[in-house]
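Here my numbering is used: the first residue of the sequence shown is 3, the next is one more, and so on. The C-beta atom is built at its ideal place from N, Cα and C for all residues, glycine as well. The structure appears right after this line, and notes come after that.
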Amino acid sequence: MTVGERIKKIRNKLGMSQVDFADKINVSKQTLYKYENNIITNIPSDKIEAAAQLGNVSPAYLMGWNDEPIEMQYSTLSSHNSESLSRYAEYLYLAERQLVTDRNSDKYIDFIIASKINRLNSTGRKEALKRITELTKISWYTDIDDMETNAAQARTDIDVPEETDTSDDDIMNDKDF
């Protein structure tokens with residue numbers, strides 16, 4: 003896409019006529035027409051800056067040095083992806099407002115973990131789940147309330163008379179216990 007085509011795209015996005023847009027960037031309608039139709043390709047930098055500012059894009063985008071602005075990319079998304087992106091953007095906005103004050107808060111840490119996991123592909127997510135599962139098995143990394151009891155239980159598949167059952171004594175006499 004040429005500089006002129008980008009200028010025309012911005013003008014159309016803004017819903018402006020050539021006359022109005024030309025007035026805003028301080029050129030004649032004929033000159034704007036020549037920009038948009040690639041008759042004039044050596045556009046002065048002050049005109050590129052004015053058009054970029056008017057369209058709320060960077061001059062680098064107009065020159066073709068950067069990709070399309072996120073706002074223009076957003077307008078081409080499917081409705082499902084658009085809704086997902088909107089929800090995520092709202093989540094980020096709220097998270098930023100609530101969490102920036104305390105980077106050590108659980109909410110902030112949860113947000114960072116979620117955002118990092120969202121960047122992973124399927125294989126990475128499976129690996130992350132495996133590692134998180136491993137961490138939750140280590141008491142040092144879990145809340146006491148969340149710990150599962152893994153105490154030895156009496157066997158129920160066989161009958162052991164109490165007088166011959168020494169399992170409790172064995173544990174209590176264990177030097178490593």
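In this structure, residue 53 sits near residue 27, with a CB-CB distance shorter than 8 Å. Across the structure, residue 5 and residue 80 are spaced so that their CA atoms are roughly 27 Å apart. According to the DSSP assignment, residue 36 belongs to the alpha helix (DSSP H) that extends over 31-38. Between residue 23 and residue 13, the C-beta spacing is below 8 Å. For residue 8, the uninterrupted alpha helix (DSSP H) run begins and ends at 5-16, by DSSP.
Closest option to residue 90, judged by alpha-carbon separation, among 125, 120, 130: 120. Here residue 131 is exposed. Its C-beta has fewer than 16 other C-beta atoms within 10 Å.
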